[in-house]
Amino acid sequence: MSKKKNSGFLKIMIGMAFGAIAGYSIPALYDAVRSLQATYNIRILWYIVPILFVIALYLYFKSIYQFKAMNSDINLSEDDRFIYQVTHHNKASANVVNAYHILLLSLCLSITILIEPETSHIIIFAVYFIACAIFYTFISKQTAKVLAAYPMITNSDVSIEFGDPNLMEKVIDGIDEGERLVMLRSLSKTYEIMILMLSVILMLLGIYQAATGENQYLAMFAIAAVLIYSTVVYYKKNEEFNR
């Protein structure tokens, strides 16, 4: 019991320390960025957007390389080959999904150029939007290719189609008990970390608004809505599947 109390107290202290650091560093960083932009007459965000696009490109090509490596003819035992293929498949899948997320972030950040709706800004945004749309088609094809390879690796009797809204349910139903346990544990841990990260981001947005005076209500309400919705859906689905 004492160990649990000590662990809880330690988490509280870590949270307090993190909050204090964030409360000091966020306004300081905000002032530093504003000062830098005013001094050199630059928009830092305009540099971040292409950097994110390049990172997305890197992850996309890395996914292609890992997918090819997964199918390479190597001299391994059956068990070692399975581990090798699953490892490379997971890496290829993670990289192409992250490429999509970073591309989406880059596109969303690029919209801020329309704050000053000059003709040149509109043209730049339109060109970048088209480039992102083209890149997204390549990402979608790579994602579909990686997903389609999963049943072959695991010898699962499941048909995977990219864009299927019931994809995860079909995969979970089609794999064996051991793979299902691994997947469910991974999903559970991911959900737990996601909830924690969203809660921390919600707190940081509150600190940021208090420090800078910039309105963050929309973002805060959106994150709170995601937290509430995910909780409601989880227990509703749990009740539905237990009937």
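Quick note: the sequence shown uses our numbering, first residue 1026, plus one each step. By construction, the Cβ of each residue, glycine as well, lies at the ideal position given by its N, Cα and C atoms.
Report all residues from its chain with a CB closer than 6 Å to the CB of M1080; omit the five preceding and five following residues, and keep chain order.
-> Rather than Met, the amino acid found at residue 1080 in this sequence is Ile. Closer than 6 Å at the Cβ level, and outside the excluded window around I1080, lie I1127.
Applying the criterion that 16 or more other CB atoms from any shown protein chain within 10 Å of the CB defines a buried residue, is N1120 buried or exposed?
-> With 16 or more Cβ atoms within 10 Å of its Cβ, N1120 is classed as buried.
What whole-angstrom Cβ distance do S1165 and F1078 have, given they're in contact under 8 Å?
-> Going by Cβ atoms, the distance from S1165 to F1078 rounds to 17 Å, so no, they are not a contact pair.
Name the two residues that bound the continuous alpha helix (DSSP H) containing I1232.
-> Counting along the chain, the unbroken alpha helix (DSSP H) around I1232 starts and ends at E1202 to T1237.
Contact under 8 Å by Cβ, Y1161 with S1135 = In this structure, S1135 does not lie closer than 8 Å to Y1161 by Cβ.
Taking Y1242 as the reference, give the member of G1203, M1228 and Y1254 with the closest Cα.
-> Minimum Cα distance to Y1242 is reached at M1228.
Run the CB neighbour count on T1256, radius 10 Å, all protein chains shown included, and call it buried at 16 or more, exposed below.
-> With fewer than 16 neighbouring CB atoms inside 10 Å of its own CB, T1256 falls in the exposed class.
Put L1101 into one of helix, strand or coil per three-state DSSP.
-> The answer is coil: DSSP assigns L1101 none of H, G, I, E or B.
Counting only beta-carbon atoms, is L1206 nearer than 8 Å to chain B?
-> The chain labelled as chain B is not found in the depicted structure, where only one protein chain is given.
Alpha helix (DSSP H) segments (min. 4 residues) lying fully within the segment 1086 to 1144 = Restricting attention to alpha helix (DSSP H) runs no shorter than 4 residues, the segment 1086 to 1144 encloses them at 1103 to 1135, ordered along the chain.
Beta-carbon contacts of I1253 that lie in its chain and below 7 Å, excluding the five residues immediately before and after = Correct list: empty, nothing qualifies.
Do you know offhand how far L1139's Cα is from F1150's?
-> The straight-line gap separating the alpha-carbon atoms of L1139 and F1150 is approximately 8 Å.
Out of curiosity, what's the CA-to-CA distance linking Y1260 and N1096?
-> Taking the straight line from one Cα to the other gives about 40 Å.
Hey, would you say L1084 sits closer than 8 Å to A1124, going by beta carbons?
-> It is a contact, given that the beta carbons lie within the stated cut-off.
Can the beta-carbon of M1208 be found less than 8 Å from the beta-carbon of L1230?
-> No. Outside cutoff.
In three-state DSSP terms, what is Q1167?
-> Reduced to three states, the DSSP call for Q1167 is helix.
Is T1112 buried or exposed, if buried means 16 or more other CB atoms sit within 10 Å of its CB?
-> Exposed, by the Cβ-count rule.
From Q1234, G1203, H1114 and C1133, residue whose alpha carbon lies closest to that of Y1175 = Nearest option by C-alpha distance: H1114.
For M1026, which three-state DSSP category applies?
-> Only weak support exists for where M1026 lies, its pLDDT of 48 falling under 50; the value from the coordinates is given anyway. In the structure shown, M1026 sits in coil (DSSP, three-state: anything other than H, G, I, E or B).
Going by C-alpha distance, which of E1143, K1170 and T1137 is nearest Y1090?
-> It is K1170.
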